[in-house]
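S.K.:
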Amino acid sequence: MTSVPTSHVLLLAGTLFAIGLVGLLVRRNVVFMLVSIEVMLNAAGLAFVAAGSHWGQADGQVMFIFVLAMAAAEVSVGLALVLRLHQRFRTVDADAARELGGEGVASPAYGAVAADGGDE
Amino acid sequence: MLRLAWLLPALPFAGFVALALLGRRLPRATATAVGVGSVGLAFAVAVAIGAAWLAAPPAGGAYVQHLWRWFDVAGFAPDVALFVDPLALVMCGVVTGVGFLIHVYATEYMRDEPGYARFFASMNLFVGSMLTLVLADDLLLLYLGWEGVGLCSYLLIGFWYRDAANGRAARKAFVVTRVGDTAFAIALFLIVRELGTLEIDEVLVRAAAQWPAGGTLAILVAALLLAGAAGKSAQAPLQVWLPDAMAGPTPVSALIHAATMVTAGVYLIARMNVLFALAPPVMTAVMIVGAATLLLGAFSALAQRDLKRVLAYSTISQIGYMFLALGVGAWSAAVFHLMTHAFFKALLFLGAGAVLLATHHEGDVLKLGGLRRRLPVTFWTFVIGGAALAGVPLVTAGFFSKDAILWEAWSRGGPVPWAVGLLGAFLTALYVSRVILLTFFGEQKHAAEPERGLRIQLPLVALAALSIGGGWVHGGFDRFLAGDAHGGEALFEVVAAVISLAGVGVAWLAWRRGLWARPDGALQRFWRSGWGFDAVYHTLFVRPYVWFARANARDVFDRGADAIAGLARGGNRLLVASQDGRVRTYVAGLALGAVVLLAIGVIFARPEPAGAETATEVRP
Amino acid sequence: MNGTDLVALGPLLALGAAAVVTLLSIAVRRHQRATATIAGLGLVAAACALPAAADVAPRQVTALVRIDDFALLYIGLFLAAAFATIVLAHDDLRRRAEPHREEFHVLVLLSTLGACVLATSTHFASFFLGLETSSVALYALIAYPRSGPAHAEAGLKYLLLAGASSAFLLFGMALVYADLGALSFDGFAAALLAGRGTPALVWPALALVVAGASFKLAVAPFHMWVPDVYQGAPAPVTGFLATVSKGAVLAALLRLFVALGGVERPVVVWTFGALAVTSMLAGNLLALSQRSLKRLLACSSVAHLGYVLVAFLAAAPVALEAVTWYLVAYFVTTLAAFGVVTVLAGGDREADALDDYRGLFWRRPWLAALLTGCLLSLAGIPLTAGFLAKFYALAAGTSEARWALVVALVVNSALSAFYYLRVVVAMAAPAPAAAPARRVPLGAGVLLAVLALLLVGLGVYPAALTALIRATATALS
Amino acid sequence: MSLLWLVLLPVVGGLLALPLRDRGARWVALGALAAALALVCAVWSAGDGGRVADLSLAWLPQMGIRLHLALDGISFVLIVLTLVLGLLAVLASWTEIRERVGFFHFNLLWTLAGIVGVFLALDLFLFFFFWELMIVPMYLLIAIWGHENRTHASFKFFLFTQAGGLFLFVAILGLVFVHQQATGELTFDHDRLLDTPMSEGVAFWLMLGFFVAFAVKLPAFPLHTWLPDAHTEAPTAGSLVLAGLLLKTGAYGLLRFAIPLFPQASATFAPYAMALGVAGILYGAVLAFGQRDLKRLIAYTSVSHLGFVLLGLYAWNEMALQGVVLQMVAHGLATGGLFVLVGMLSERTHTRDLEKLGGIWDVAPRLGGAGMVLVMAALGLPGLGSFVAEMLILFGTFRVAPVMTALATLGLVCATIYALWIVQRTFHGENRGGWSFADLRAREAGVLAALIGALLWLGLYPQPVFDVARAALASLQGVVSGGHS
Amino acid sequence: MNVMFYVAAVVAVACTVRVVTHVNGVHALLYFVVSLFAVATIFYLIGAPFVAALELIVYAGAIMVLFIFVVMLLNRGPQSVAQERSWLNPRAWVGPTALSLVLAVEVGILLFAGDLELETQTRVAPKEVGITLLGPYLLAVEIASMLLLAGLVGAYHLGREGGREGGREGAHREPGAGR
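Chains as they are written, first to last, in our numbering: chain A, 679 to 798; chain B, 37 to 656; chain C, 28 to 504; chain D, 972 to 1456; chain E, 364 to 542.
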């Protein structure tokens, strides 16, 4: 068996998590955002497995399985939503879908609000 | 008979209530009957009480009538009670008697006024308040009357309310007297704290027993009372309101600003003379105030062009005499002068009113002249009044009362107050002669209607009679008031007589040479402006006050609330901007939060010993 | 696992079974009313299972869940909220003329199940799975209608952000596990007691877990999705989202931190204290200028969770009582508010813009009165449940002498009144041209009446609820 | 139970008035208030002058909260004032309020119910309950039936009082927990919380919490800035209730709670409080003079008058306290009357701008006469209630703080200035606006006559009020005895 | 063996970076698959063969296929690549990278604070995992099934119209993925 220090594995997991986070923050394509979330979830799973192996318990792997299940469920719903969004907006640009979003958004529905809002 | 004392204030008050509530709906005759009748009845009551008193003076020299207990809090229990003694009786007599005559006069003078009922309502209220003031057994009740007459003064000065200048004069009168009242009020606080009561007799007894002569408390209280008296009686430095108060109808000037209200300060000091006696420095101060005001008023009177303003400054000056007398401790002389002054000054004002009626309110003496033929009754009564004011010897009341003051000034105060008084007497004779000469002699410069009827002339004549006869009762007056009488030294009487006659003579010479009509010099302007007091007060108090109130009308402290609102609005803008609808922004928030929470974890978990419950609790 | 365990799990089992039965009924025949009835009956059945479960409580069923009075109270609360959601949605879905309205009920049941699991969880696995079950169902619920403009957008936003937050949560859990070697709450306590693990690792790792949970609670700065999603989701779902999913996470956090030995540690105090203060401020400031009622309520909910966290930070018995009281009041108020929003929807759009509420007092006096009651309750004005709730939060903060938090709460409370009152004033304004008003359906009407009674009842006679909560809170501490 | 009914009568009346239109709502309101007035008089006359009625029921026993209401002299005086002014408020808005009449009276009655509750509550939680309860309907009164700038003003009113109220709440909770720690008893009862042992520092901070809340309501300088806005924009009945009653709750809170609960801390704080009082007297009076809006002007006079109350409260001797009680009543009548008068005036002229008014006496001498009397009451003219009240306060205060009293006395001069300014700019002067309208109608004259009559009565024979309040004040002073300067 | 771990780690990191940065969707996903392979290797190395297999089968095999399917479905060729590129402007990287760096550093600090250096790594056989999964975690499995049911119903409903295929795919795949 290897004797990789657990901390190194966790560090790898942390790195992957951070990369996933960067992806989530940077990409505008919804699909890529979902992928980035998958990266993060996978990193978390890796951390679970490493921890389980650290303690010599099966619980870590069990948790990984649950993470996997959750990732699958999330992705399926997510992709379904992406398709619906694509139908509606003809794009996968997350920023394009901004019908919601208060006064910060210059959409005709809510853009007029900022002017007279906040009267004290 | 004395039990009817309550009717004295009650009658005019009843008149006031009736006129105030029903005024407009009453026929004019009824309003007249109510307005004049109430004061006439009060006069009758006063006479009856006086007669009863003379017939059988009550034991102790005073009669107290308790009406009801005003309130009773923490042992402080002022009564609404009337205190009748010779001093009060004299004042009542003056107020109701002169008041009645003036009311009668006013029925004609105010004949064409739309506010006829309002006028008499105010006048009745004034008489009632003034009687409350002089009859009050308790300083708090006296204060009620004191403020009440102030209010009436305000209402009547501003009687012709459409003219903003009248309003200004009225306000000035009220505010300036109220400055004095504030001092009066503080004196009351002190008395209550130290002596526990405001009942005048009791206060005087306790003060005499508890306060050593010349003690700080006595001095403080007396000084504060002096300030109050000075405000009401238009003494320096609070005299500035009285000349402006001439904006009111002439009967008002006669009643309130000559005969009665302005002498309330004299009455107060006379009433509290025991207390003042405990404070010699304040007595000196009273004397100095009196002397200063005397001269100040006299010089100003000399330079006035308006008939009524001359009389106003004359009033200031004459009350200065009274203060001078009070200051040297001759309070009965002061009150005697108060009485005679009430007669002849009221007469002069009513005469001036008659002139104004005839000339359509042209009061500038330089534009008048030669009215002696057109207005004979007015002329003769005015001359009598003027003579009394000038102190023309032997035939006028003013001579006796002024002479008494001069004599007392010499005998109790020494040569300086006497000399001041003498100088004042000369000036008085000078200015009053000037006015008479300019108004009634020479050629007629201004058209004048003939004299009005009996209701004008009767009061003039009656007052003229009093102005002459009032002086002859001097001895009896003193006995009545103070229990003893002392005649003046003949030598002094002669000196005073010569001085006043000299004043008349100088005035005649100057008139003959046309000096009075010469253009003004700087000194004259200075005197005419009342020695510049108005300008100084305007710069020192009025303008800063108005400036601050106007500049800060929007209240700087409100800006604090605005600042908080601004802060909230700023925070709102910032946060709203972050709600841009972009998922990535929201994820950034998420990540930022995680990073911060992690940092909190890293920072605060580190120093903790493993697994142990913390002992030191950090609480945000 | 034996019979008693099954009795204890009864409510959860009933709920799961109800979901499956409902799904099957859809397969048999699509019929909204029937489906809704079945789902409602499922909720009732689950509720009926509560007393039986209470008889055997407290009971630890495997390491994963613990059925005790505390959990049962929360489950009851969630069931009631889910029932209310179904009643309201019934009306809402019909109005939208959706073609497929039936799956909605299955999703509500599943999401409720997840919430119930959370309330009972004593283990990271059940914590996480409960959370995700609740969430995944919610993604679909938010984006459920096809008619409205932005439902899909809201759903996707929620999904992306929830996914990311779950990743944080999981990563934190993994680190905790790596350090302590346990995944159950009791295991943590034991490990900490035994001196195992490094506090310097455990508490930051827990901070990540808290970060993940905070997203669900929508406390600042994890709150940014709230206005968009609240606005984008159909009103009944928003009500559900605002109540059940938050309440469940809060219950789980309570359990976790009580097991970890309370909230006395500076790190915990600072973590939650910071979250509380930023939430109150962010929520209230953001709400000041909102012109959409749903967004306004969203921002207000951010602030309210901040208030709850103040209560959360008190010592155990007080905190449990205060948090639970607050949640009950908040549930009642929020459901009523979104109920009114739902009922007022007309034609093809929801009543969302504040202008829709102008003159409501004169058009729909009862609804306006109820909404006013809700807003006043949220503002913490007497005669409403919210007043007592705020009292509890402040009492909890004061009892632990957390003056900074208390002052923050006070200042924010005053600030918040501004926007609540703005709505009230808008409603009292003269009525504009009368728009045709839909009649309030019977079910929703009855529901709203009950909520209104509760809203006032709790404010006037709070003793009964306090007694109930006090009885259950002992189960935990 | 009758005390509970005292609160419930306006509440029920409000609910009954809610669906009614115009006349119906008005009469219901009058009926409810009159009934409450009769009830409170009956309850009082059945007692012996002490705490005549005392009701204590369990409410939230787990937290030691009880429904504890009691009526003593001070409460009685203030409740009678509340109900009388309430009646007048209904009458004063008879023609002014024309829309949403039912809702208006609902709010009015609920405000009054809250105020009555505040004056009755002896459980601190209950007190706060009523304290908050009265704010909302009051807010609505301003926000819905107010003048042009009502939104801003109503928010300001609400936020100020709400913020103050919450500090009060925190202080109450703090006190309760301190009490619990010291004695093991969890209670919100006023009677039991007296004499809670606590350190000086704690007492001071808690006292400050109470003080801030009450000072906002009073309003004490410099927390007064909400008042001018609220007064200016409120409808007549709102201004009447605000000036006549709501402000009194602040004074009442100080009198009943802040000082007795923390005698030592209050004694320490007294000089500062009195200084604030004096500052308020002078500042309010000066600023009043600078205003153009008549209602705003009167609002600032309230700041000035309530400064006397603050001053007298912290002097804490019988004379000053009796003065405070009387001042509360007299200010309620006088300033309330002024607001009513301004309401009648602006109902006719549609302006409150002093630059546009003037010469009203020409047109409406009865209105002018009434205005004159009320203005004189504002400047403390003897013979009217305010005079006795202010004098007593000053007499009492002079014993503890002569210099401050002397400064406060200057306020009388400033009061004269603004009071005469009102007369000048409104009734006197030329009729520049070309006003022409009917003088007071019978109903209006009746309202004003009642107020003026009451003021005269208080000015000439205020003893009944003192007699009623005496026992209650004595017991309050007994609580504090020894703890105060 | 140590070396293998570090090699795999480097591969995983490098590929993941490419996943995040690549402008072509399909390519990015392929990188992800490689990354998953590397992680699976690491699973194996640290004694978790069962999840290593699951990683490949479920993640790489099922979930990624789903992604690729959608990407292909939505792919509009080169123009989408260009669009992707334009969306990824360099400035957009600064903030996120900094934020993530801070996060990573914090995690690093934690890990070195932790006592995780020299622990033995025992192999946990698939059987043991199975026993644990269906023993103490039975309840969790049931809950997971509900989770997947929720995903199924949700994806089915959302993907029903228009995105018919996507929805169906999701619905069909998941049960297999979970169990």
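The C-beta atom is built at its ideal place from N, Cα and C for all residues, glycine as well.
From the beta carbon of GLY1088/D, is the nearest beta carbon of chain B less than 8 Å away?
M.R.: no
S.K.: Taking 8 Å as the limit between beta carbons, can you name the residues of its chain near ALA534/E, skipping five residues before and five after?
M.R.: With a pLDDT of only 38 at ALA534/E, under 50, the local geometry of the prediction cannot be trusted, and the value read off the model is given with reservation. The residues are LEU515, ALA518, TYR519, GLY522.
S.K.: For MET509/E, would you say it is in contact with chain C, using Cβ-to-Cβ distances shorter than 8 Å as the test?
M.R.: yes
S.K.: Helix, strand or coil: how does DSSP classify GLN1235/D here?
M.R.: helix
S.K.: Which residue comes first and which comes last in the beta strand (DSSP E) that contains VAL92/C?
M.R.: 92-94
S.K.: When the cut-off is 8 Å and only beta carbons count, does GLY458/E lie next to chain B?
M.R.: yes
S.K.: Would you decide whether ARG214/B is buried or exposed? Buried here means 16 or more other CB atoms lie within 10 Å of its CB.
M.R.: Counting every other CB atom within 10 Å of its CB across the protein chains shown gives ARG214/B a total of 16 or more, marking it as buried.
S.K.: Give me, in chain order, the residues of the same chain whose beta-carbon lies closer than 6 Å to that of TRP563/B; leave out the 5 immediate sequence neighbours on both sides.
M.R.: PHE335, SER336, ALA339
S.K.: Under 8 Å between C-beta atoms, does ALA461/E make it to chain B?
M.R.: Using a Cβ-Cβ cut-off of 8 Å, ALA461/E does not count as an interface residue toward chain B, since no Cβ of chain B sits closer than that to its own.
S.K.: Just checking my contact of PHE105/C with GLY300/C at CB under 8 Å: how many whole Å lie between their CB atoms?
M.R.: Actually they are not in contact, since the Cβ atoms of PHE105/C and GLY300/C sit about 28 Å apart, beyond 8 Å.
S.K.: Buried or exposed, going by whether 16 or more other CB atoms sit within 10 Å of the CB of LEU140/C?
M.R.: buried
S.K.: Interface residues of chain A around ALA624/B at Cβ under 7 Å?
M.R.: Ordered by position in chain A, the residues that pass the 7 Å Cβ test against ALA624/B are LEU703.
S.K.: Rounded to whole angstroms, what is the Cα-Cα separation between THR1380/D and CYS1012/D?
M.R.: Going from the Cα of THR1380/D to the Cα of CYS1012/D covers about 36 Å.
S.K.: Tell me whether ILE1036/D sits in a helix, a strand or coil according to DSSP, three-state version.
M.R.: strand
S.K.: Going by other Cβ atoms of all chains shown within 10 Å of its Cβ, with 16 needed for buried, is GLU479/B buried or exposed?
M.R.: GLU479/B comes out exposed.
S.K.: Considering only the beta carbon of each residue, do TYR166/C and TYR185/C sit closer than 8 Å?
M.R.: yes
S.K.: Between ILE1388/D, LEU1040/D, VAL1087/D, PHE1074/D, which has its C-alpha nearest PHE1057/D's C-alpha?
M.R.: Before going on, a small fix: residue 1057/D reads as Gly here, not Phe. In terms of Cα proximity to GLY1057/D, the closest of ILE1388/D, LEU1040/D, VAL1087/D, PHE1074/D is VAL1087/D.
S.K.: Could you tell me which residues DSSP puts in a beta bridge with ALA1029/D?
M.R.: ARG1037/D
S.K.: Give the DSSP-derived three-state secondary structure of TYR99/B in the structure shown.
M.R.: TYR99/B falls in the strand class under three-state DSSP.
S.K.: Using a Cβ-Cβ cut-off of 6 Å (strictly less than) and excluding sequence neighbours within five positions of GLY1356/D, which residues of its own chain qualify?
M.R.: ALA1301, LEU1426, LEU1429, GLY1430
S.K.: In chain E, which residues lie less than 9 Å from LEU202/C when you measure between Cβ atoms?
M.R.: VAL470, LEU473, LEU474, GLY477
S.K.: In chain C, which residues lie less than 7 Å from LEU521/E when you measure between Cβ atoms?
M.R.: ALA167, ALA170
S.K.: Quick check on the burial criterion: 16 or more other C-beta atoms within 10 angstroms. Buried or exposed for LEU610/B?
M.R.: exposed
S.K.: Between HIS1123/D, LYS1266/D, ASP1025/D, which has its C-alpha nearest HIS1321/D's C-alpha?
M.R.: LYS1266/D
S.K.: PHE119/B to ALA1372/D, Cα distance in whole Å?
M.R.: 33 Å
S.K.: Am I right that ALA382/B and ALA290/B are in contact with their C-beta atoms under 8 Å? What's the rounded C-beta distance?
M.R.: 5 Å
S.K.: Let's see if you can read the secondary structure: which residues bound the beta strand (DSSP E) around VAL120/B?
M.R.: 115-120
S.K.: Enumerate in chain order the residues of its own chain whose CB-to-CB distance from LEU228/C is below 7 Å, with the five nearest sequence positions on each side excluded.
M.R.: LEU202, ASP206
S.K.: Please state whether DSSP places ASP1479/D in a helix, a strand or coil.
M.R.: Outside the displayed span of chain D (972 to 1456) sits residue 1479/D, for which this structure offers no information.
S.K.: Specify the secondary structure class of LEU386/B as computed by DSSP and reduced to three states.
M.R.: helix
S.K.: I'd like to know if GLY748/A contacts chain B, where contact means its C-beta is closer than 8 Å to some C-beta of that chain.
M.R.: For the record, residue 748/A in the displayed sequence is Met; it is not Gly. MET748/A does not count as touching chain B.
S.K.: Got a sec? Which residues, its chain only, sit under 7 Å from SER685/A by beta carbon, not counting five neighbours each side?
M.R.: none
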